[in-house]
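Below is one structure, written out as structure tokens, with a few remarks after it.
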Amino acid sequence: MPTTHRPDVTARLRTAVVRWFDESARDLPWRASSCSAWGVLVSEVMLQQTPVVRVEPRWRAWMERWPTPADLAGASTADVLRAWDRLGYPRRALRLQECARVIVERHGGQVPADEEALVALPGVGTYTAAAVAAFAFGRRSVVVDTNVRRVLARTITGTALPPPSPRAEERRLAASVVPDDARDAARWAAASMELGAVVCTARSPRCDECPVRSLCAWNLAGRPADEHASRRRGQAWEGTDRQVRGRVMRILRDASGPVLTSALTDVSADPAQASRCLAGLVEDGLVEIDGEVARLPA
DNA sequence: AAGCCGGGGCC
DNA sequence: GGCCCAGGCTT
-12 MPTTHRPDVT ARLRTAVVRW FDESARDLPW RASSCSAWGV LVSEVMLQQT
38 PVVRVEPRWR AWMERWPTPA DLAGASTADV LRAWDRLGYP RRALRLQECA
88 RVIVERHGGQ VPADEEALVA LPGVGTYTAA AVAAFAFGRR SVVVDTNVRR
138 VLARTITGTA LPPPSPRAEE RRLAASVVPD DARDAARWAA ASMELGAVVC
188 TARSPRCDEC PVRSLCAWNL AGRPADEHAS RRRGQAWEGT DRQVRGRVMR
238 ILRDASGPVL TSALTDVSAD PAQASRCLAG LVEDGLVEID GEVARLPA
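As structure tokens, this is what we get:
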């Protein structure tokens, strides 16, 4: 008997969320109808673990400078890393340039529309491939990001938050909610992500402004606490290799040319950590060392 | 499944 | 000061 509720709830959920989205969607540049598929792909890679507000200005500058995959493919990697600025995880910038080169070499300079081809590109995983297929090409795909996971966990499953690591069950649920029609599916993807980003937020959800509060399982259950709160652990930051790597990259971005490696290893009080991080950056292709000096890759 | 990989803003 | 963010990749 309970299962008979689901199809009805699903239909109402989709309708209400999409209607809300049509009225109040943020005006983001990569959503413009004039935005290229490449522009959409660039935005998705930048948005991997970096909030919209920080991505938008970097995206605008990036697209003005390198409007096509061929433009980025031909750029200096040092310029690419500097343009990436402080978006974080600079390996993403490296992969994005590799991605551009693969698109030029294997796809004639055009972003492929098939999810299979997209997911084969460097830096493009399940989420990004589905997002580009939907947003750039209007393809039907199952777009599951942190926002969609949270929205479905609350509205359908009735929990405060999804489990710490994604489960196959979540993907099945997400797939069952996607409309059959490709255009509707793409709109649902954008709308459900937007709801999670703007209203159904992780920290303090704005349930009083939510278009689906009357059917949300979590809200109807009295918004119970997160059941696996004890299993979540935030990423440490102070004193980590990630922090040291970030400092090294910042120095190299800010410098116009080579920097003494001794100046780079000074960023950590622990010499072993400093040399380990520098070696790791070289291994990752983010830094080149030539004798006593280091620089961003040409 | 778990760990690694930036950086900043907000509660 | 902990937590979160339109994840991907490696082990």
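Residue -12 is where the first sequence starts when you use this note's numbering, and the numbers rise one by one after that.
Just so you know, even glycine gets a beta-carbon here, dropped at the ideal spot from N, CA and C.
In this text the structure is predicted, and so the values were computed from the model without any measurement.
By the Cβ-count criterion, Pro198 is buried, with 16 or more other Cβ atoms from all chains shown falling within 10 Å of its own Cβ. Within the same chain, Cβ atoms closer than 7 angstroms to the Cβ of Gln260 are found at Asp228 and Val231, the five residues on either side in sequence being excluded.
In the three-state reduction of the DSSP assignment, Arg159 falls in the helix class.
Ser201 is classed as exposed because its beta carbon has fewer than 16 other beta carbons within 10 Å across all chains shown.
When beta bridges are read from the DSSP output, Val254 appears opposite no residue. Along the length of the stretch 150 to 196, whole alpha helix (DSSP H) runs at least 4 residues long occupy 155 to 164 and 169 to 185, reported in chain order.
Using a Cβ distance threshold of 8 angstroms, Trp25 and Pro44 do not count as a contacting pair.
The alpha-carbon separation between Cys194 and Val186 amounts to approximately 7 angstroms. According to the DSSP assignment, Arg282 belongs to the beta strand (DSSP E) that extends over Val280 to Arg282. Annotated three-state conformation of Val246 is strand, per DSSP.
Separation of Asp72 and Trp17 (C-alpha to C-alpha, rounded to the nearest whole angstrom) is 19 angstroms.
Asp213 sits in coil when the DSSP states are folded into three classes, being neither helix nor strand. Ile276 has Ala281 as its beta-bridge partners, per DSSP.
Here the stretch 210 to 226 makes contact with the stretch 131 to 148; the two share three or more CB pairs at distances below 8 angstroms. The C-beta distance from Gln84 to Ala107 rounds to 16 angstroms, too long to fall under 8 angstroms, and the pair is not in contact. DSSP places Asp132 in no alpha helix (DSSP H); its state is neither H nor E. Between Val131 and Ala120, the alpha-carbon positions lie close to 13 angstroms from each other. Burial state of Thr248 is buried, judged by a 10 Å Cβ sphere holding 16 or more other Cβ atoms. By the Cβ-count criterion, Gly272 is exposed, with fewer than 16 other Cβ atoms from all chains shown falling within 10 Å of its own Cβ. Around the beta carbon of Val89, a 10 Å sphere encloses 16 or more other beta carbons of the protein chains shown; the residue is thus reported as buried. Between Glu103 and Asp257, the alpha-carbon positions lie close to 44 angstroms from each other. Here the alpha carbon of Arg263 sits roughly 10 angstroms from the alpha carbon of Val269.
Within the same chain, and ignoring the five residues on either side of Trp175 in sequence, the residues whose Cβ sits closer than 8 angstroms to its Cβ are Arg1, Val4, Val5, Val164, Val165 and Pro166. For the pair Val42 and Ala19, the Cα-to-Cα distance works out to about 16 angstroms.
DSSP places Arg220 in no alpha helix (DSSP H); its state is neither H nor E.
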